[in-house]
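Working notes, beginning with the structure itself.
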Amino acid sequence: MANIPDYNLDELDARQNIIIKGARVHNLKNLSVALPRNKFIVITGLSGSGKSSLAFDTLYAEGQRMYVESLSSYARQFLGRMDKPDVDYIKGISPAIAIEQKVSIKNNRSTVGTSTEIYDYLKLLYARIGKTYSPVTGEVVQKDSVADVVDFIFSLEDEARVMILAPLHQHTDRTLAKELDLLLQKGYSRIYADGEVYFIEELLEQKKPKLGKHIYILVDRAVIYKSDEDLQFRIADSVQTAFFEGHGECRVIYGEEERVFSDRFELDGMVFEEPSVNFFSFNNPYGACQTCEGFGSVLGIDPDLVIPDKSLTIYEGAIAPWRSDKMNEWLQPLVKNGIRFDFPIHRPYNELTEAEQELLWKGNKYFEGLNEFFRHIQGQTHKIQYRVMLSRYRGRTTCPECRGSRLRKDASYVKVNGKSITDLVLMPLTQVLPFFRGIELTQHERNVADRLVTEVANRLSYLERVGLGYLTLNRLSNTLSGGESQRINLATSLGSALVGSMYILDEPSIGLHPKDSEQLIGVLRTLQQLGNTVIVVEHEEEMMKAADQLIDIGPEAGSGGGNLMFQGTFEEMTRSVDTYTAKYLSGRMEVPVPSHRRKWRNAIEVIGARENNLKNLSVKFPLSVMTVVTGVSGSGKSTLVKKILAPAMQKLHGSSSESTGKFDKLAGDYGKIDHVEFVDQNPIGKSSRSNPVTYVKAYDAIRALYADQPLAKSRGFKPSHFSFNIEGGRCEVCQGEGQVKIEMQFMADIYLTCESCHGQRFKQDVLDIQYKEKNISEVLDMTIADSISFFADQPKISERLKPLDDVGLGYIRLGQSSNTLSGGEAQRVKLASFLTKGATSHHENILFIFDEPSTGLHFHDISKLLTSMNALIENGNTVVIIEHNMDIIKSADWIIDLGPEGGTNGGHLLFEGTPEEMVKLEHNDTARFLRGKV
33 MANIPDYNLD ELDARQNIII KGARVHNLKN LSVALPRNKF IVITGLSGSG KSSLAFDTLY
93 AEGQRMYVES LSSYARQFLG RMDKPDVDYI KGISPAIAIE QKVSIKNNRS TVGTSTEIYD
153 YLKLLYARIG KTYSPVTGEV VQKDSVADVV DFIFSLEDEA RVMILAPLHQ HTDRTLAKEL
213 DLLLQKGYSR IYADGEVYFI EELLEQKKPK LGKHIYILVD RAVIYKSDED LQFRIADSVQ
273 TAFFEGHGEC RVIYGEEERV FSDRFELDGM VFEEPSVNFF SFNNPYGACQ TCEGFGSVLG
333 IDPDLVIPDK SLTIYEGAIA PWRSDKMNEW LQPLVKNGIR FDFPIHRPYN ELTEAEQELL
393 WKGNKYFEGL NEFFRHIQGQ THKIQYRVML SRYRGRTTCP ECRGSRLRKD ASYVKVNGKS
453 ITDLVLMPLT QVLPFFRGIE LTQHERNVAD RLVTEVANRL SYLERVGLGY LTLNRLSNTL
513 SGGESQRINL ATSLGSALVG SMYILDEPSI GLHPKDSEQL IGVLRTLQQL GNTVIVVEHE
573 EEMMKAADQL IDIGPEAGSG GGNLMFQGTF EEMTRSVDTY TAKYLSGRME VPVPSHRRKW
633 RNAIEVIGAR ENNLKNLSVK FPLSVMTVVT GVSGSGKSTL VKKILAPAMQ KLHGSSSEST
693 GKFDKLAGDY GKIDHVEFVD QNPIGKSSRS NPVTYVKAYD AIRALYADQP LAKSRGFKPS
753 HFSFNIEGGR CEVCQGEGQV KIEMQFMADI YLTCESCHGQ RFKQDVLDIQ YKEKNISEVL
813 DMTIADSISF FADQPKISER LKPLDDVGLG YIRLGQSSNT LSGGEAQRVK LASFLTKGAT
873 SHHENILFIF DEPSTGLHFH DISKLLTSMN ALIENGNTVV IIEHNMDIIK SADWIIDLGP
933 EGGTNGGHLL FEGTPEEMVK LEHNDTARFL RGKV
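Quick note on numbering: the sequence shown equals residues 33 to 966 in my numbering.
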């Protein structure tokens, strides 16, 4: 029975509450609820019960729509235009900010720095107050302006005599006499040479005037009186002329002394670029490294391909291209003469020092190194065998010019407080923050940069607080996990620190270890204490315990959901209600611990993993069991599984072009795997025409069934007539979409139900054909759960649909467009497609890799998910899961735990073994949370 506070919505004060009356979006059943303002509210319930429909499609959509409608019609045409949600009314709504789970950016140029906008502030900071240092002497490079010279001249004592000179740059094809004549024509009357002043006219009267090497044009001379304003203007004018005539150089002689000024930005014989914002932008041709064009990597010789097995010695043939008889002649000088320069040819490559490894590439007087070898091969590319050889060792490598920082080399000459922008982007955020907190600036610099420094420090501190301190600003956005990108969006929103807003978050705990969730709750609390209403759609127990109010939607998913089951505190919920959430929270129901752990004999072993922060790990992945890789956020789980194990295994089966992370070799029984499936949260189809029923190949059987009906046969219909994707049976007015889009410029586009087919997608003569009194359009509108009982007598169809129900997707409709599915739902549709009968039979042993499959899953759905995973293993497959959810970790046969921290302090193998062995560990974060479960 639902447990809801007894209030009358019409009498509540909209200044204290956000009041929703009669929400009917998607599966919501006329739901009414009052959300107290400025509180931390968690909305929970089974997957598909209507949580997101309430939070995003009703509350956020209305908040956003009302804001957009307050703008001018001109501005509205550039903004996302939203429909009014189907609801009686919403009162007291605040401006809404939504932070959703989005699968991260695919762009190769987007980095953590650019997506959080920190990099934009850094570029501005370095362009405005950065000082350029010469790489030769380390001196500051400065250029003089006219004002600098005038200030200097007027700083001399009164009645000082000064001469303003410009060096004479003699043209190569002109005689000195010709040059002097030109000066006379320009209006100059004197020159200065060898400490003497000469009249030009007098020199021209001599046949061949003899002067020293250094000749100067005397532009002006004056006696200085500080009070004379007209003199200041005259001197400024003369200095400007001297800079022009002297090609950027001006010399001032006063008394016995002289001083040289230059308006060129140069020092130590080098000309430097003046810092500007584009100078530090790797997305701009002016600032990007010329070698890699701002990508940070180039196509070059890949050291991992040249030395594939790093456990071999040089003598045993560690260098792959020198193994053949012909190329062995490059190796022989090194083997014979190694003793002369103390080179250990019998020591494994991975035990050589960095200097010894570099020597192999550079060579010395006794042998030519690998760089010279590849230069020789490149010179021979007119022969096909050399071209083939070269292609074998090419790969993406870090750009040698910019060390992967993507910026032109001279951008690193500009420093603030002793650090260049390149230094900062390559440091973990935990080290960048202290730099900005302790930055020392002059008063002028502070006036210019105070706001910039504050903005950067604020954003960095939020990134650290949401548990991302281990990232660098240079980290590519497309290498982040879903949870990391969502927390970056959260930190970016926090950086703006609005007040009186409504923040709506979609499972911010995704990808967070329970240890990091505690920090995240603190961040959300800060947001709420600033004076915002924070509404979180969440399944995580700690998050529910921390909430001021819990709202439970249910009781079931899909058409069985959409009701308000409970509103109140965590304690009230565990005591008094009978929903699935309450049963799991109070311990009346639970995800059972398996009765036994599967034993294993064979394993794939990854040896010497060193990508990102991994510290030369060697780790075993057992076959035919469920392995869970865990550890705090940023400890190296994704790097180990997604960057090394998955691409290395896929390459063995010729199905990956992705570069593999750095590691020595695969060992063990990898040959027993026939195929690799990486099941992530990317959408299953981006068009509105793809849907789950086509993905699991059930729609073919449904169309065949309808084409088999007597009326369809008499009308000559084929299975293709029952497809809304091709001409034939579909309605041609809406082309099988069921609705027609009418563009309304600055108002939301209107989607009207198609007048011809009334939203049924098919022509009338196709809709006449029925099976069990339902036509094809009515079947597409059924939920998976309903359709399984409807097609119970059609095993071909029901066997393909049942896995969708088994993975907890019984609530979605057969014809639901796949672009409306969340990341977690898309991942479970993929899982279901592997569970369908016969889908995995042509591969005997598949290695399935799942990236956080618990995303978006309620406790009750995790149970179903584990049953499906176990079914895969019983079919003879292997399952590897990256996961933080304790219910999944406790169900594993084998655990691999990485840590102890994120980033540079992570990447160590802390534990391999069963959950029972793990809980005995002291001082282990995962073990601490697992103890309560096993």
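All C-beta atoms in this analysis are idealised placements derived from N, C-alpha and C, irrespective of residue type, glycine included.
Just so it is clear, the structure is predicted and the values come from calculations on it, not from any experiment.
Where residue i falls: helix, strand or coil (DSSP)
| i | result |
| --- | --- |
| Y153 | helix |
| N917 | coil |
| T671 | helix |
| T332 | Sequence check: residue 332 is Gly here, not Thr. Three-state DSSP puts G332 in a strand. |
| Q771 | strand |
| Q202 | coil |
| S105 | helix |
| N369 | helix |
| K123 | strand |
| A641 | strand |
| K397 | coil |
| N937 | helix |
| V966 | coil |
| T486 | helix |
| I339 | coil |
| M98 | helix |
| Q272 | helix |
| L930 | strand |
| E306 | coil |
| D838 | helix |
Other residues of its chain near residue i: CB distance less than 6 angstroms, five sequence neighbours each side excluded
| i | result |
| --- | --- |
| S81 | I585, G586, A589 and G593 |
| C434 | C321 |
| L823 | Note that residue 823 is Phe in the sequence shown here, rather than Leu. So the list reads I829 and S830, once near-sequence residues are dropped. |
| V861 | I716, P724 and Y727 |
| D893 | S79 and G840 |
| R253 | M195 |
Own chain, CB closer than 7 angstroms to residue i, minus 5 neighbours either side, in chain order
| i | result |
| --- | --- |
| C786 | C763, V765, C766, G770, Q771 and V772 |
| I185 | V194, I256, I267 and V284 |
| G527 | N490, R491 and Y494 |
| M681 | Y702, I705, V708 and L879 |
Residue i at chain B interface by Cβ criterion, 9 angstroms
| i | result |
| --- | --- |
| K415 | The question asks about chain B, but that chain is absent: this structure has only one protein chain. |
Spatial neighbours of residue i in its chain, beta-carbon cut-off 8 angstroms, leaving aside the 5 residues before and after
| i | result |
| --- | --- |
| W5 | One cannot answer for residue 5 here, as it falls past the ends of the chain, which runs 33 to 966. |
| E573 | L617 |
| P432 | T323, V330 and G332 |
Residue environment, residue i, which counts as buried when at least 16 other CB atoms sit within 10 Å
| i | result |
| --- | --- |
| M26 | Absent from the model: residue 26. The displayed extent of the chain is 33 to 966, so no value can be given. |
| Q174 | exposed |
| N139 | exposed |
| T204 | exposed |
| G349 | exposed |
| V292 | exposed |
| Q109 | exposed |
| V555 | buried |
| A107 | exposed |
Integer-rounded CB distance, given that residue j should sit under 8 angstroms from residue i
| i | j | result |
| --- | --- | --- |
| T868 | P827 | Not quite, the Cβ-Cβ distance comes to about 12 angstroms (not below 8 angstroms), so this is no contact. |
| S665 | G499 | 5 angstroms |
| I921 | P885 | In fact, because the Cβ distance is near 12 angstroms, the residues do not count as touching under 8 angstroms. |
| L530 | E496 | Not confirmed; about 21 angstroms, so no contact. |
Residue i beta carbon near the ligand ATP (any heavy atom closer than 8 angstroms)
| i | result |
| --- | --- |
| L904 | Because no ligand of any kind appears in the structure shown, any question about the ligand ATP cannot be addressed here. |
Is the segment 433 to 444 touching the segment 487 to 494 in the sense that three or more CB pairs, one from each, lie closer than 8 angstroms? no
Contact between the segment 686 to 695 and the segment 653 to 660 is defined here as three or more beta-carbon pairs at a separation below 8 angstroms; is this criterion met? no
Below 8 angstroms, can you find three or more Cβ-Cβ pairs linking the segment 873 to 892 to the segment 722 to 734? no
Under 8 angstroms, with one C-beta from each stretch per pair, do the segment 955 to 966 and the segment 927 to 944 reach the 3-pair mark? yes
Could you tell me whether the segment 293 to 309 touches the segment 150 to 160, using the rule of 3 or more Cβ pairs below 8 angstroms? yes
Contact between the segment 65 to 79 and the segment 564 to 572 is defined here as three or more beta-carbon pairs at a separation below 8 angstroms; is this criterion met? yes
Determine contact between the segment 460 to 469 and the segment 328 to 336, defined as no fewer than three beta-carbon pairs at a distance below 8 angstroms. no
Quick one: any contact between the segment 628 to 645 and the segment 697 to 708, if contact means 3 or more CB pairs under 8 angstroms? yes
Below 8 angstroms, how does it come out for the segment 644 to 651 and the segment 926 to 940: are there three or more Cβ pairs, yes or no? yes
State whether the segment 598 to 608 contacts the segment 897 to 908, with contact taken as three or more CB pairs (one from each stretch) at a distance under 8 angstroms. no
When you compare the segment 509 to 516 with the segment 545 to 563, are there three or more beta-carbon pairs, one atom per stretch, that lie closer than 8 angstroms? no
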